[in-house]
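K.L.:
Heads up: the sequence shown begins at 171 in the working numbering, then just goes up one per residue. Mind looking over this structure? Questions follow.
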Amino acid sequence: MSNKETVYKVYKITYKQRFMGKVIVDSYERTVKDDNELRSAINALYDDPHVFSVSSEEVAETLKKEES
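As structure tokens, this is what we get:
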């Protein structure tokens, strides 16, 4: 078994949605392994028909050990 460390990035994902005539702004932090994973998280938000804006901002990097 070998242990390797992988760099993950932490992003703050902010989104806006229209609901019952109001604009709601919310955000959460998401740890991702690569840009594809970040794009998937953003695209999942756009699957909601009420969401009209999504932005992301990198806030940290972290190392995780993976056993293989």
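Built from N, CA and C at the ideal position, the CB exists for glycine as well.
Take Leu233 as the anchor and find which of Ala214, Asp196, Leu208 and Thr201 has the nearest alpha-carbon.
P.N.:
In the sequence shown, residue 233 corresponds to position 63, counting from 1. With distances taken between Cα atoms, Leu233 lies closest to Thr201.
K.L.:
Could you tell me which whole beta strand (DSSP E) segments of length 3 or greater appear in the region 178-225?
P.N.:
The region 178-225 contains these whole beta strand (DSSP E) runs: 192-202.
K.L.:
Suppose contacts are defined by Cβ-Cβ distances below 8 Å. Is Ser197 in contact with Ile212 by that definition?
P.N.:
Here residue 197 refers to the residue found at position 27 of the sequence shown. Here residue 212 refers to the residue found at position 42 of the sequence shown. Contact: no.
K.L.:
Using CA coordinates, which residue listed in Glu231, Val229, Lys235 and Tyr216 is at the minimum distance from Lys186?
P.N.:
The count along the sequence shown starts at 1 and reaches residue 186 at position 16. When each option's Cα is compared against that of Lys186, the closest is Tyr216.
K.L.:
When you compare only the Cα positions, how much space is there between Thr176 and Ala214?
P.N.:
Position 6 of the sequence shown holds residue 176. Position 44 of the sequence shown holds residue 214. Rounded to whole angstroms, Thr176 to Ala214 spans 24 Å at the Cα level.
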